[in-house]
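Numbering (our numbering), first residue to last: 108 to 407. One structure is given below, encoded as structure tokens.
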């Protein structure tokens with residue numbers, strides 16, 4: 108936990124806390140209904156900043172109420188297949204031993220529900236290796252970069268997740284890396300056309316690959332994320348630029364300051380929604396150290 112908050116972060120933490128609802132859930136935005144991803148990210152960010160401890164516990168407890176019997180946490184009760192918030196709930200529960208039971212159930216469900224895969228075909232429309240398994244947004248569908256990266260971060264070192272599965276997910280991310288560096292949502296080539304990278308997707312992948320991939324294997328991606336093209340003060344780009352570079356010890360003062368610049372842009376553009384606000388706060392409060400969101404350096 109950071110002993111002192113970075114300058115200017117307190118007002119944004121106050122704004123986040125004000126979105127807590129009486130039952131512990133967090134609204135997606137001011138005046139809106141709650142959602143599990145908003146609740147999880149709020150708990151993660153407040154814990155990372157060592158603030159509002161009762162709200163963190165209440166949010167974690169509220170997430171337990173949304174967990175289904177098999178361990179998943181769906182975005183809506185009536186859409187159990189849209190279970191991508193399971194990973195976020197797991198990340199929110201991990202630092203607190205009081206939630207070991209829900210965390211175990213979530214990790215077990217996640218580990219046993221990888222993305223769909225099929226044999227790689229010659230002359231396929233897409234360029235990536237479709238036989239590699241990671242994790243998906245929707246249960247039973249193909250693996251993509253962001254859900255795979257977040258699942259790797261949540262499952263690292265967990266007994267529920269075989270090392271072989273995490274190693275395969277790392278190979279998947281490296282396979283989805285674009286030829287000139289960076290990642291997008293998970294396609295490298297479509298109809299022979301090389302696609303473009305996206306800052307936040309690159310940050311997700313690098314955060315998950317920190318400690319798993321040789322820096323030389325992702326050097327072009329690190330250069331892309333550190334470069335001016337990605338130095339944009341938008342919520343997800345700024346937050347995941349810090350987390351991605353931080354996983355390789357490259358989250359400079361400028362990179363972290365950009366998170367605060369992005370937070371302050373709400374004065375011009377209006378409030379960010381809760382997941383975006385919380386991710387920015389988490390990145391700023393930890394100086395890009397994703398392991399700090401979990402309460403310790405998470406073993407890989």
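Where a beta carbon is used, it is the ideal one built from N, C-alpha and C, also for glycine. All of these numbers come straight from a predicted model, not from anything done at the bench.
Run through the stretch 108-196 for me and flag every whole alpha helix (DSSP H) of 4 or more residues, listed as ranges in chain order.
-> 117-124, 143-155, 160-173
Of all the options 174, 400, 366, which has the alpha carbon lying nearest to the alpha carbon of residue 261?
-> 400
Residue 389 vs residue 116 beta-carbon contact at 8 Å | no
Close-in-space but distant-in-sequence residues of the same chain around residue 220 (CB under 7 Å, 5 per side omitted) | 246
Could you tell me the distance, in whole angstroms, from the CA atom of residue 344 to the CA atom of residue 384?
-> 12 Å
Candidates 299, 279, 182, 342: which alpha carbon is nearest residue 313's?
-> 279
Roughly how many angstroms separate the alpha carbons of residue 211 and residue 267, rounded to a whole number?
-> 7 Å
Excluding five sequence neighbours on each side, which residues of the same chain lie with their C-beta closer than 7 Å to the C-beta of residue 358?
-> 349, 352, 394, 395
C-alpha distance - residue 73 paired with residue 149, whole-angstrom precision | Outside the shown range of the chain, which is 108 to 407, sits residue 73, and nothing can be said about it.
Would you call the CB atoms of residue 196 and residue 174 closer than 8 Å?
-> yes
Do you know whose CA, among 255, 380, 387, lies nearest residue 84's CA?
-> The chain is shown only over 108 to 407; residue 84 falls outside these bounds and no answer can be derived.
Using the beta-carbon count (16 or more within 10 Å), is residue 239 buried or exposed?
-> buried
Residue 143 to residue 264, Cα distance in whole Å?
-> 24 Å
For residue 235, which of helix, strand or coil comes out of DSSP?
-> coil
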